[in-house]
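Undergrad: This structure is in structure tokens; I'll ask about it shortly.
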Amino acid sequence: MAESLAGLDTFPKLLMHHARVRAERPAIREKDLGIWQTWSWGRFANEVRSLACGLAAQGFKRGDHLAIIGDNRPRVYAAMCAAQCLGGIPVPLYQDAVATEMAFPIQNAAIAYALAEDQEQVDKLFEILPQCPTLAHIYYDEPRGLRHYDQPQLMSCDRLLELGAASQRRDPAFLETEIAKGAGSDTAAMFFTSGTTGAAKGVVLTHHSLIDRALAAAQMEGLTDADVVLAYLPPAWIGQNIFSYAQPFVTGYCICCPESPETVMSDMRDIGPTYYFAPPRVFEALLTQVSIRMEDASALKRSLYRYFMEVARRVGGNLLDGKSVGALDRLMYRLGDALVYGPLRNVLGMSRVRVAYTAGEAIGPDLFRFYRSLGINLKQLYGSTETSVFVCVQPNGQVKADTVGPAVKGVELSFTPERELLIRSPGLFKEYYKNPEATAASKDAQGWFHTGDAGYFDADGHLKIIDRVKDVGKLADGSLFAPKYLENKLKFFPFIKEAVAFGHGRDRVCAFINMDMEAVGNWAEKRGMPYSGYVDLASRDEVYGLVRECIEKVNADLAAEPEVAASQIHRFLILHKQLEADDGELTRTSKVRRLHVGEKYAALVDALYAGKDIVHVEAQVRYEDGRTGSISANLKIRDAKTFPPAAARKAA
Amino acid sequence: MAGESNTRAGRIGDVILAVEGVSLAFGGVKALNAISFDVREHEVRAIIGPNGAGKSSMLNVINGVYHPQEGTIRYLGREYHDMDPHQVAVSGIARTFQNLALFKGMSVLDNIMSGRNLKMHSNILLQALRIGPALREEIEHREVVEGIIDFLEIQAYRKSQVGQLPYGLQKRVDLARALAMEPRILLLDEPMAGMNLEEKQDMCRFILDANDHFGTTIVLIEHDMSVVMDISDRVVVLDYGRKIGDGTPDEVRANQAVIDAYLGVTH
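So the sequence lines, in the order shown, correspond to chains A and B.
The numbering of the first sequence is our numbering, which starts it at 1 and goes up by one.
The numbering of the second sequence is our numbering, which starts it at 1001 and goes up by one.
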């Protein structure tokens, strides 16, 4: 990074810098009507100027909040920067949230201005308007279906841009002055945390925090303006915001917006991103797809695939880490690259990936090694909304499946006696919005952020996270119970989509299992097993047998580790429905809300511990259109074999 | 949405299609018996009725597949007799089919492009070679088709073979192909048949959006009363080839003859 970014302490200043230095370079691409349309930095900056002037003409002032609800679109990102130009604060909200979930952020920050992508989002805002009387201006990007809406709050983005262009002509110097007024210590954006742990909180981040972290990681990985990123996760999530807003603004690279959520895979093949982020579940889904397609391939292809994947498993990771590998293995790997790995990377859209990250939850070691063995530089990182993402990143050549790497430059780490991780970093958040108690509870006087995560350093100084501190419980006999640790082990099996383990204060561990419809469905099809749907398949004895095998493997694993040997799973049941964010069972980032699930299905938990073989359940479900209904089923409960703990190595 | 009905009602124009005293018989079976109704520009007009009521026959008469023995059809003020389906299509009336009539082995894109067939003017040799004016023309048509693909949210299936898509999506492709003709009147033959609730809701949204966005006049046949009542401006009810009701959904719902036909009545 040769160019100097000195003095560019806010995102609007960075944008204007790129518009000068690389006006013709691509800033954003979007696939529209089947063709990739390119917005250069120059065009992007012009759009931001017009939007900002338009907002100013509408009375948007320094310190005002702009709610932004939409998928990855150039205008969504332009709106974020436009608000920042005026000293305002963009508040991106999850576009797939139901209306009631949007009410809290809007009330919390008394938001008056909102930008909604389309009719769907506009409808949601009008639905909650009675609870959110402050909302006076709603701008929409996509006019389809909105022709007959005559609410006074509503205005199209195109109209807003016209207003902006007109006011810019009247007073061309206005915006430059506004941008110059901004300082690094100003609030850049507010992100509402998904609320795994209770009510949502608005995390206030400054320009300085976000720019500092974005830059530190970009320097570490050597990102340049030639890099390309596919923006396909919700912009309201800090991670996507870092990769598709903060980092392009510090490096000048180009982000690409997919045509629709369903076309992400083929768009990724079109684009060939060089820098990629996906949570483990995406990598898992991709691998499942590959495996399923391989099973349907011809015998020759299958055996080629099996042979060369074995070669890759043996040497691929070592090659990527720059370790020494024998000449024959090198040759075989090169052959495999021509026949299998190269084409496979191409199908995955990862041919050009230089750096790929995964984070958010633990990734299965087999899954992790699979991608690395293909020559894809997949690494883990650790961070959160409160830390502007980058806390720990695995440097090239020091990648391990079960750690998240050492601290990134500028970050200090420490632990409480309870093993809670503490962080001090320039990327730390300023506060939780209008919530001084929560701020005080998580950020102490010395500036340490209490993460709530339990972990420790391994021998190489890499951070290892085991669970949330508050979730680490004890069985009735006092032995350690880390539910997430168990659940993760279970979820690493392709047939198990989610698992919920119970055991705190109990004499033994029991679990709910959510089967993976795709994998189990395929498995059933292969065996010619007819089934009528999810509920039916989930209740089959064959499927119970399949799941029991997985659990018993986990139990055998656990038995070998003295600290957790007592956490072997004794009984389980397979849930009759997928756990859904719409039903409040998962967070918007697809993490299980264990307490809520435990309460909601208390009868099932009781049945597990009461030793029953069958239990009747009736559950409310919320359909995608917002209506509710109920489904009922009889669930079987089965035992799993447990193993005696490995020889009493537990001397301490 | 309260304001919507007012503004929509304001858009509805003059009668563009009038069916007057149409009767159709197959041998001794009277499929349609002196049916009269009209369709106004920009409205959503539904034809409903129990099985065998003559709904599809009515559509086939408008479409030029059947020629009625009695009665006239007036389209844009002109009476038409003995027009074949091709001529009807050229005059701006498109349709979809109850049992789908897509080219199953072709891609979604090609199927929808085939809907532009009537609008292609360059000669077949140039088209086959894709040179000169034919290429320019194809690009223009492709743009219209891409607009429809975007409109019906089927971008992910552009290159998929139609026969391999789920039924609900095939229905959407069928609608896309009809829309590609940029018709003035769109005849939909049971667009919601065989769909689950979510697919039905999607289809309703697309029909209303097409009506709103392109101003297309819609005539739809539907079995499912509840769906029709939600999206139609006016409804014709047929039973055993006779018209037994005609009016707004509320009027039709209150009509005793309609209630009897649907719920059955002891004679």
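All C-beta atoms, glycine included, are put in the ideal place defined by N, C-alpha and C.
Please read all numbers here as calculations on a predicted model, not as lab measurements.
For GLU618 of chain A, which residues from the same chain have a beta carbon less than 7 Å from its beta carbon, with the 5 sequence-adjacent residues on both sides left out?
TA: As a working mapping, residue 618 of chain A is identified with position 618 in the first sequence. Hits under 7 Å: SER630 and SER632.
Undergrad: Strictly under 8 Å for the Cβ-Cβ distance: is SER260 of chain A near chain B by that measure?
TA: To locate residue 260 of chain A, count along the first sequence from 1; it is residue 260. SER260 of chain A counts as touching chain B.
Undergrad: State yes or no: is the C-beta of VAL1029 of chain B within less than 8 Å of the C-beta of ILE1112 of chain B?
TA: Along the second sequence, read from residue 1 onward, the residue named residue 1029 of chain B stands at position 29. Along the second sequence, read from residue 1 onward, the residue named residue 1112 of chain B stands at position 112. Contact: no.
Undergrad: May I ask you to report which of helix, strand or coil DSSP gives MET1149 of chain B?
TA: On the second sequence, residue 1149 of chain B is found 149 positions in, with the first residue counted as 1. Note on identity: in this sequence residue 1149 of chain B is Ile, with Met being the wrong assignment. If DSSP states are grouped into helix, strand and coil, ILE1149 of chain B belongs with the helices.
Undergrad: Between GLY202 of chain A and PRO105 of chain A, how many whole angstroms is the CB-CB distance? I'm expecting something under 8 Å.
TA: As a working note, residue 202 of chain A is residue 202 in the first sequence. As a working note, residue 105 of chain A is residue 105 in the first sequence. Confirmed, Cβ separation roughly 7 Å.
Undergrad: In chain B, what lies closer than 8 Å to ARG144 of chain A by C-beta?
TA: Along the first sequence, read from residue 1 onward, the residue named residue 144 of chain A stands at position 144. Within 8 Å Cβ-Cβ: PHE1151, ASP1209 and HIS1213.
Undergrad: Starting from LEU233 of chain A, find everything on chain E with Cβ-Cβ shorter than 7 Å and list it in chain order.
TA: In summary, chain E is missing from the structure at hand, where the protein chains are A and B.
Undergrad: Going by the CB atoms, is the gap between ILE1093 of chain B and ASN1063 of chain B shorter than 8 Å?
TA: Your numbering for residue 1063 of chain B matches position 63 in the second sequence. Your numbering for residue 1093 of chain B matches position 93 in the second sequence. Cβ distance < 8 Å, so ASN1063 of chain B and ILE1093 of chain B count as in contact.
Undergrad: Nearest chain A C-beta to ARG1158 of chain B closer than 8 Å, yes or no?
TA: Position 158 of the second sequence, counting from 1, holds the residue named residue 1158 of chain B. Output row for ARG1158 of chain B: interface = yes.
Undergrad: Report the option in B:ILE1244, B:VAL1237 and B:GLY1163 whose CA atom is closest to the CA atom of ASP1224 of chain B.
TA: If you number the second sequence from 1, residue 1224 of chain B lands on position 224. Comparing Cα-Cα distances from ASP1224 of chain B to each of B:ILE1244, B:VAL1237 and B:GLY1163, the minimum goes to B:VAL1237.
Undergrad: What are the partner residues of GLY1245 of chain B, as DSSP defines its beta bridges?
TA: Residue numbering aside, residue 1245 of chain B sits at position 245 when the second sequence is read from its first letter. According to DSSP, which records beta bridges pairwise, GLY1245 of chain B is partnered with B:VAL1237.
Undergrad: Strictly under 8 Å for the Cβ-Cβ distance: is GLU1004 of chain B near chain A by that measure?
TA: By 1-based counting over the second sequence, the position of residue 1004 of chain B is 4. Reliability of the predicted coordinates at GLU1004 of chain B is poor, the pLDDT of 43 falling under 50, and the value obtained from them is presented with this limitation in mind. Yes, GLU1004 of chain B counts as interfacial toward chain A.
Undergrad: Which of the residues in the stretch 576-605 of chain A, read from start to end, lie with their CB under 8 Å from any CB of chain B?
TA: Per Cβ criterion, the list is empty.
Undergrad: Any beta carbon from chain A within less than 8 Å of GLY1147 of chain B's own beta carbon?
TA: The sequence position of residue 1147 of chain B within the second sequence is 147, counting from 1. It does; some Cβ of chain A falls within 8 Å.
Undergrad: Would you say the beta carbon of ILE111 of chain A is closer than 7 Å to some non-hydrogen atom of the ligand COA?
TA: Within the structure as shown, the ligand COA is missing, as the structure has no ligands at all.
Undergrad: Taking the straight line between their C-alpha atoms, what separation do you get for ARG506 of chain A and ALA476 of chain A?
TA: As a working note, residue 506 of chain A is residue 506 in the first sequence. As a working note, residue 476 of chain A is residue 476 in the first sequence. For ARG506 of chain A and ALA476 of chain A, the distance between alpha carbons rounds to 5 Å.
Undergrad: Kindly list, in the order they appear in chain B, the residues whose Cβ is closer than 7 Å to that of TYR33 of chain A.
TA: Sequence index remark: in the first sequence, residue 33 of chain A carries index 33 (1-based). Per the sequence shown, the amino acid found at residue 33 of chain A is Leu instead of Tyr. Residues of chain B passing the Cβ test: GLU1143, GLU1146, GLY1147 and ASP1150.
Undergrad: Would ARG293 of chain A pass as an interface residue toward chain B - the criterion being a Cβ-Cβ separation below 8 Å?
TA: For the purposes of this step, residue 293 of chain A is taken as residue 293 along the first sequence, with counting starting at 1. For ARG293 of chain A, the answer is no, since every Cβ of chain B falls outside 8 Å of its Cβ.
Undergrad: Let me check one thing: in DSSP terms, what residues is LEU205 of chain A bridge-paired to?
TA: Within the first sequence, residue 205 of chain A is the residue found at index 205, counting from 1. Its beta-bridge partners are A:ALA189.
Undergrad: Looking only at C-alpha atoms, which of B:ASP1239, B:ILE1124 and B:GLY1027 sits nearest to ALA1034 of chain B?
TA: Counted from its first residue, the second sequence places residue 1034 of chain B at position 34. It is B:ASP1239 whose Cα lies nearest to the Cα of ALA1034 of chain B.
Undergrad: Spatial neighbours of SER167 of chain A within its chain, please: C-beta separation below 6 Å, excluding the five flanking residues on both sides.
TA: On the first sequence, position 167 is the one that residue 167 of chain A refers to. Excluding positions up to five away in sequence, the list reads CYS53 and ALA57.
Undergrad: TRP448 of chain A to LEU5 of chain A, Cα distance in whole Å?
TA: The residue you call residue 448 of chain A lines up with position 448 of the first sequence. The residue you call residue 5 of chain A lines up with position 5 of the first sequence. So the two alpha carbons sit approximately 28 Å from each other.
Undergrad: Indicate the three-state DSSP secondary structure (helix, strand or coil) for VAL508 of chain A in the structure shown.
TA: Here the question's residue 508 of chain A lines up with position 508 in the first sequence. Before going further, note that residue 508 of chain A is Arg rather than Val in the sequence given. Three-state DSSP puts ARG508 of chain A in coil, outside helix and strand.
Undergrad: In chain B, which residues lie less than 8 Å from THR263 of chain A when you measure between Cβ atoms?
TA: Position 263 of the first sequence, counted from the start, is the residue given in the question as residue 263 of chain A. Neighbours of THR263 of chain A on chain B, chain order: GLN1155 and ALA1156.
Undergrad: Using the three-state DSSP reduction, which class does TRP523 of chain A fall into: helix, strand or coil?
TA: Counting from one through the first sequence, the residue named residue 523 of chain A turns up at place 523. Three-state DSSP puts TRP523 of chain A in a helix.
Undergrad: Taking DSSP as the reference, what is the three-state secondary structure of ARG352 of chain A?
TA: As a first step, residue 352 of chain A is located in the first sequence; it is residue number 352 there, counting from the start. DSSP places ARG352 of chain A in coil when its eight states are reduced to three.
Undergrad: For a test of the three-state rule: what should DSSP assign to LYS181 of chain A, helix, strand or coil?
TA: Along the first sequence, one-based indexing puts residue 181 of chain A at 181. Note: LYS181 of chain A maps to helix in three-state DSSP.
Undergrad: Check whether the Cβ atoms of CYS254 of chain A and ALA27 of chain A sit closer than 8 Å, and answer yes or no.
TA: Indexing the first sequence from 1 puts residue 254 of chain A at position 254. Indexing the first sequence from 1 puts residue 27 of chain A at position 27. The answer is yes: Cβ separation under 8 Å.
Undergrad: Quick one: list the residues of chain B neighbouring ARG147 of chain A, beta-carbon separation under 7 Å, in chain order.
TA: As a position in the first sequence, residue 147 of chain A is number 147, starting the count at 1. In chain order: ASP1212.
Undergrad: Quick check: the Cα distance between ASP557 of chain A and ALA565 of chain A, rounded to an integer number of angstroms?
TA: Within the first sequence, residue 557 of chain A is the residue found at index 557, counting from 1. Within the first sequence, residue 565 of chain A is the residue found at index 565, counting from 1. Cα to Cα, the separation comes out at about 8 Å.
Undergrad: For the structure I just gave you, are there three or more beta carbon pairs, one from the stretch 333-351 of chain A and one from the stretch 373-390 of chain A, closer than 8 Å?
TA: Output reads yes: the stretch 373-390 of chain A touches the stretch 333-351 of chain A.
Undergrad: In three-state DSSP terms, what is ALA1002 of chain B?
TA: As a first step, residue 1002 of chain B must be located in the second sequence, where it is residue number 2. With a pLDDT of 39 at ALA1002 of chain B, under the threshold of 50, the modelled position of this residue cannot be trusted; read the value that follows with caution. DSSP places ALA1002 of chain B in helix when its eight states are reduced to three.
Undergrad: Does the distance from the C-beta atom of SER40 of chain A to that of ARG62 of chain A stay below 8 Å?
TA: Working through the first sequence from its first residue, we reach residue 40 of chain A at position 40. Working through the first sequence from its first residue, we reach residue 62 of chain A at position 62. Contact: no.
Undergrad: So the alpha helix (DSSP H) ALA602 of chain A belongs to, where does it begin and stop?
TA: Here the question's residue 602 of chain A lines up with position 602 in the first sequence. Here the alpha helix (DSSP H) through ALA602 of chain A covers 602-610.
Undergrad: Check whether the Cβ atoms of PHE192 of chain A and LEU93 of chain A lie closer than 8 Å to each other.
TA: By one-based count along the first sequence, residue 192 of chain A stands at place 192. By one-based count along the first sequence, residue 93 of chain A stands at place 93. Contact flag set, yes.
Undergrad: Quick one: complete beta strand (DSSP E) runs, 3+ long, within the stretch 45-78 of chain A?
TA: DSSP runs (the beta strand (DSSP E)) wholly in the stretch 45-78 of chain A: 65-69.
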